[in-house]
Amino acid sequence: MIKIILILISFALIFGQGIYAQTLRSLVNDGVEKYKTNKYAESEISFRKGQEKDPENFNATFNLGDSYFKQEKYDEAIKHYQQALGKTQNKELKAQTHFNIGNSYLKSRKLKESIESYKNSLKLNPNDKDAKYNLSYALKLLQNEQNQNQNQNRDKNKDQNKDQNKDQNKDQDQNKNDDKQQNNDKQNQQQQPPPKMSKEEAQQILNAMKENEKDLQKQLRKKAGVRIKTDKDW
């Protein structure tokens with residue numbers, strides 16, 4: 254389990270007696286009291302009003318992020334935590350803000366972002382045991398997720414290879430069937446008897462063969478009677 258430790262910042266500073274200061278402080282402190290009684294939507298309203306009074310006030314902005322976090326509005330929580338970072342120079346407050354950003358990312362299953370946030374928190378406060386614990390937890394989750402993805406990809410590749418082999422075997426079987434069909438057709442063609450011809454057709458073919466034979470004999474005799482002149486005197 255991750256450690257979700259959200260701090261709330263009340264106005265402990267002594268302000269002047271002006272109405273503006275009193276109103277801002279009362280709004281933030283009212284939000285804190287409602288937050289402590291699990292009235293997170295109501296505390297959100299008080300903190301937001303306080304932020305509207307003084308947009309640069311760290312306390313109102315940071316606590317508004319806490320109220321969003323408790324309502325599981327993690328994107329809004331991150332947005333206001335990041336705004337709060339620019340409203341203080343206090344290292345401890347910055348470290349706590351990065352820690353809360355890490356928790357918000359972790360709740361959103363954005364593991365890489367949460368890891369970076371915890372690292373940023375530890376840079377400012379290396380002794381924070383909760384940040385170390387959550388960082389270790391997020392790293393373990395990321396490793397498990399990567400291992401799971403690798404296993405899924407491996408299984409997917411196996412299934413693809415099986416399908417490919419099935420297709421290849423199917424093609425080979427089809428080719429065998431085609432070859433078999435071709436052989437059968439060839440055998441059928443060879444076994445088919447020659448077409449019958451009429452007596453008239455047979456006589457015409459026989460006469461044509463005789464005429465061709467006569468022409469061939471004339472050509473042979475003609476060539477045999479030609480004298481070939483040579484330069485040698487025999």
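Going left to right, the sequence shown walks through residues 254 to 487 as my numbering numbers them.
Glycine included, every Cβ here is placed at the ideal spot set by N, Cα and C.
Quantities reported herein were computed from a predicted structural model and do not represent experimental measurements.
Cβ distance (whole Å) where residue i is taken to contact residue j below 8 Å
i, j, result
"L359", "S367", "4 Å"
"D307", "A313", "7 Å"
"Q357", "A330", "The sequence given here places Ser at residue 357; Gln does not occur at that position. Indeed, because the Cβ distance is near 5 Å, the residues count as touching under 8 Å."
"V281", "F311", "That belief does not hold up - the Cβ atoms of V281 and F311 are roughly 10 Å apart, past 8 Å."
"L394", "L364", "6 Å"
N- and C-terminal bounds of the alpha helix (DSSP H) containing residue i
i, result
"N356", "K344 to K360"
"T341", "No alpha helix (DSSP H) contains T341, which DSSP labels as neither H nor E."
"T314", "F311 to K323"
"T364", "Checking the sequence shown, residue 364 turns out to be Leu, not Thr. From DSSP, the alpha helix (DSSP H) with L364 extends over L364 to L377."
"K292", "Careful: K292 lies outside any alpha helix (DSSP H) and carries neither H nor E."
Residue of the options minimising C-alpha distance to residue i
i, options, result
"L377", "L338, Y327, L394 and L364", "L338"
"F322", "L388, K340, S361 and T341", "S361"
"A391", "N380, K372, N406 and F311", "K372"
"D328", "G355, K302 and F300", "G355"
"N380", "L317, E325, K344 and K332", "K344"
"Y334", "N353, I298 and L394", "N353"
"A294", "L394, Q401 and K326", "K326"
"R278", "N402, N291 and N316", "N316"
"E309", "Q336, E398, T276 and K292", "Q336"
"Q303", "R407, T276 and L261", "The sequence given here has Gly at residue 303, not Gln. Of the candidates R407, T276 and L261, the one whose C-alpha sits nearest the C-alpha of G303 is T276."
"Q324", "E305, T341, I298 and K340", "I298"
Quiz item: Contact between the segment 345-356 and the segment 383-394: three or more CB pairs below 8 Å?
Solution: yes
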